[in-house]
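Number of protein chains: 2
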Amino acid sequence: MAATIRDVARVAGVGLGTVSRVLNNSPLVSAATRQRVLSVIEELRYSPSQIARNFSLGRTRTIAAIAPFFTRPSVVERLRGIEATLASEGYHLVVFNVETVARRDECLREVPRNDRADGLLIISLVPRPEEIRAFSEASMPVVLIDACAGGLSGVSVDDVAGGELATTHLLELGHRRIAFVGDPLEDPLTFNFTSSYDRFTGYQRALTAAGLPIQTEYHRHSLHGRYEARVLTHELLNLPDPPTAIFAASDTQAMGVLEAARDRDIPVPAALSVIGFDDIDIAEHLGLTTVRQPLFESGARAVELLFMLLSEGIAAPPAERLAIDLVIRTTTAPPAT
Amino acid sequence: MAATIRDVARVAGVGLGTVSRVLNNSPLVSAATRQRVLSVIEELRYSPSQIARNFSLGRTRTIAAIAPFFTRPSVVERLRGIEATLASEGYHLVVFNVETVARRDECLREVPRNDRADGLLIISLVPRPEEIRAFSEASMPVVLIDACAGGLSGVSVDDVAGGELATTHLLELGHRRIAFVGDPLEDPLTFNFTSSYDRFTGYQRALTAAGLPIQTEYHRHSLHGRYEARVLTHELLNLPDPPTAIFAASDTQAMGVLEAARDRDIPVPAALSVIGFDDIDIAEHLGLTTVRQPLFESGARAVELLFMLLSEGIAAPPAERLAIDLVIRTTTAPPAT
DNA sequence: TGCTACTATGGAACTAGTTCCACAACCGCG
DNA sequence: CGCGGTTGTGGAACTAGTTCCATAGTAGCA
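Protein chains in written order, with the numbering used here: chain U, 867 to 1203; chain V, 867 to 1203.
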């Protein structure tokens, strides 16, 4: 078996507490004693048990992150921001990937309850009121990313403004028949995604502000994914009066829109403008016009907020908004005359 | 403070062991006692401390994964396979992202030593002999993914055969001036990636088998990335006798090749064929011809091997090879006549 | 009825750290 | 020289589970 702190104490001829003090760099050890203890540690190849340490301290230096579909490029980029910031503080990251509603519920119920993490980050999921109550009962600090709920700290962007920004760009180019492709509106009780919904709201606001009617046949919603967006786009292009521009609620969905246009040999942007949301890595390769949101930073900043919550002294930082901006590339242009 | 197992025992008027037995579904508890204990657990809202449990059992039900650049689509897909399989067994996943050599060394040194994980998965990194020795000294079970080293268990594909497969496809289409774009060859002491090197070996073998000379001006190596591959491709296309086909060591690099072709208005595949490796998600969107390797499965299978190692009874499963296959899409065609 | 065997139960010991209290040694100062 | 304060040290108690041994109770059987 591995050596313990007691073995070190015995061999070095000192007390338990002294070894512990050496390990924790307490100044209350004489140089001679410290040296002796260190050499015994070396001799016995002693390495302190992290698990016993965690148990004794009641802290784990670990943060849990619950992420839906962590293969989505936007989620991965947020996780990278999280990991980088945690690692720089010597914290570990436990990832829970959520791809079904059952697992969403399981994670939100179990993760805060077991004390294996000092804090919790939740990406793109909105906890229900009873879940929020359970967080505070278990006194588990929580920070939301890309979501907002019941007074919890969070980092997000103004998706409504983002939707307006995208739609206004299309309007300013001269488009009047502008369609929207996004996630389903009607599952507030399952995953509780909200960003697609908010972007849709912004889209509608921009149209209304421009004095255009809201035409429901231009609104298509389906599960998130390239393939689904492609199907929806074919529906739109089959309309008697097809749109000249499409706002997709995410870059992934915008890729599906581009695929549908390609299926029909419709040139982009000459005959169809396409704008996405997120500015994921491949958006640049595709030349996709999009609304950029700071994904890496959202993860990094959320960790900072969580550390504030962990250091107790500091009051719960409120929900923060990060800046978004329009990135114009080559998939948007004025409509064909 | 939260209730402990002792509180439950006291309130229920039973012994410590009995509560523990109820929690662990031991059959050695009478139905009446079990019922009483369960109701007290409910009453006190008792939830066992995982951290104390881990400490007592000496196991954490956690697996650590060290992944270089975990934002790379191929790595993410492997991680997804890992997470899915771990979650189905109730295990947790701690992710360590490696983006510098210093962090690589730190992770390989520290992660096995601290006993916060029951096992370790290492993606695309080849541990050095002394690191392998440290694993066995710390008796930390390790499974490699996309790598192979010193008798460690692992899951990989035959990258040499993959390189041959890709190159042979180009040869069969009639190409004779075939270039290679990949990672640097000469950093065996830094990250110790090997797959790009092996694919390059396969490429050379296929050329030799076809009786073609190995022309070093057609071999370009640089750091992994779209942008770097784009720069290398411009170098290739500037040659007096530019290649008619390019084999990129990964799909990400193939994207850079495509960008360079687009920069120069060179039509793909009419004037330049491009083949990648991995078959990441967007390869389909891009219509990229590529060599598919089972990424998700590599993660899932590695977890299975790790579980075998953990169950002690089973001998170390040897390094396994997964199947690869050629996916022909629209970036390869016979050369222009 | 008495012996055996098995079930159900209680609780001490154990896991490997940290923390804190008690105490000794030593120093400086009045 | 004595006293208060500081420094260095030892080790019991604590964290919250699991495990295992001892033992009481009881059923089965000769």
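Each residue gets a CB set at the ideal place from its N, CA and C atoms; glycine is no exception.
Since the model is a prediction, treat every value here as computed from it, not as a measurement.
Delimiting residues of the beta strand (DSSP E) encompassing residue i
i                : result
proline 934/U    : 928 to 934
glycine 1048/U   : 1044 to 1048
threonine 1156/V : 1155 to 1158
Range covered by the alpha helix (DSSP H) that runs through residue i
i                : result
serine 940/V     : 939 to 954
glutamate 1101/V : 1092 to 1103
glycine 1068/V   : 1061 to 1075
threonine 899/U  : 897 to 909
alanine 875/V    : 871 to 878
glutamine 916/U  : 916 to 923
alanine 1166/V   : 1161 to 1176
serine 1259/V    : Any property of residue 1259/V remains undetermined from this structure, which presents chain V solely from 867 to 1203.
Opposing strand residues paired with residue i [DSSP bridges]
i                : result
arginine 1086/V  : Val1047/V
arginine 1187/U  : Ser1022/U
histidine 1151/U : Answer is none; histidine 1151/U lacks a bridge partner.
alanine 1111/U   : Ile1044/U, Ser1139/U
leucine 838/V    : In the structure displayed, chain V extends from 867 to 1203; residue 838/V sits before or after that span and is not available.
leucine 1192/U   : Val1157/U
Between the stretch 1077 to 1084 of chain U and the stretch 1000 to 1017 of chain U, do three or more beta carbon pairs fall short of 8 Å?
no
Length-filtered (3 minimum) beta strand (DSSP E) runs lying within the stretch 963 to 1037 of chain V:
985 to 989, 1008 to 1011, 1019 to 1023
Can you pull out the residues from the stretch 896 to 919 of chain V whose beta carbon lies closer than 7 Å to at least one beta carbon of chain U?
Ser913, Ser915, Gln916, Ile917, Ala918
Below 7 Å between beta carbons is the criterion; list the residues of the stretch 1111 to 1142 of chain U that meet it against any residue of chain V, in chain order.
Met1121, Glu1125
Chain U contacts from the stretch 1145 to 1158 of chain V (Cβ-Cβ distance under 8 Å):
Asp1147, Ile1148, His1151
Can at least three beta-carbon pairs, one atom from the stretch 872 to 883 of chain V and one from the stretch 903 to 919 of chain V, be found at a separation below 8 Å?
yes
Does the stretch 1153 to 1162 of chain V come close enough to the stretch 971 to 989 of chain V that 3 or more CB-CB pairs lie under 8 Å?
no
Of all the beta strand (DSSP E) runs that stay within the bounds of the stretch 1113 to 1149 of chain V, which reach a length of 3 or more residues?
1139 to 1144
Any contact between the stretch 1108 to 1115 of chain V and the stretch 1033 to 1044 of chain V? By contact I mean 3 or more CB pairs, one from each, below 8 Å.
yes
Are the stretch 1188 to 1201 of chain V and the stretch 1138 to 1148 of chain V touching by the rule of at least three beta carbon pairs closer than 8 Å?
yes
Counting only Cβ-Cβ distances shorter than 7 Å, please list the residues of the stretch 978 to 992 of chain U near chain V, keeping chain order.
Arg979, Asn980, Asp981, Arg982
At a cut of 8 Å, does the stretch 919 to 937 of chain V reach the stretch 896 to 906 of chain V through at least three beta carbon pairs?
no
Would you list, in chain order, the members of the stretch 1160 to 1190 of chain V that have their beta-carbon closer than 7 Å to a beta-carbon of chain U?
none
Is it a yes or a no for the stretch 948 to 963 of chain V touching the stretch 954 to 962 of chain U, going by three-plus beta-carbon pairs under 8 Å?
yes
Quick one, which residues of the stretch 954 to 971 of chain U are near chain V if we go by CB-CB under 7 Å, in chain order?
His958, Leu959, Val960, Val961, Asn963
Counting Cβ pairs, one atom from each stretch, are 3 or more of them under 8 Å apart for the stretch 1184 to 1199 of chain U and the stretch 972 to 984 of chain U?
no
Any C-beta of chain V within less than 7 Å: which residues of the stretch 991 to 1021 of chain U qualify?
none
Pair every Cβ in the stretch 1160 to 1169 of chain V with every Cβ in the stretch 1118 to 1132 of chain V, then say whether three or more of these pairs are closer than 8 Å.
no
Segment contact flag, the stretch 1039 to 1049 of chain V with the stretch 1062 to 1077 of chain V, C-beta cutoff 8 Å, min 3 pairs:
yes
Along the stretch 1069 to 1098 of chain U, where does the CB come closer than 7 Å to a CB of chain V? Name the residues.
Arg1092
I'd like to know if the stretch 1145 to 1154 of chain V and the stretch 1088 to 1102 of chain V are in contact, where contact means that at least 3 CB-CB pairs between them fall below 8 Å.
no
Can you give me, in chain order, the residues of the stretch 1037 to 1056 of chain U that have a beta carbon less than 8 Å from any beta carbon in chain V?
none
Compile a chain-ordered list of the residues in the stretch 874 to 885 of chain V whose CB is closer than 7 Å to at least one CB of chain U.
none
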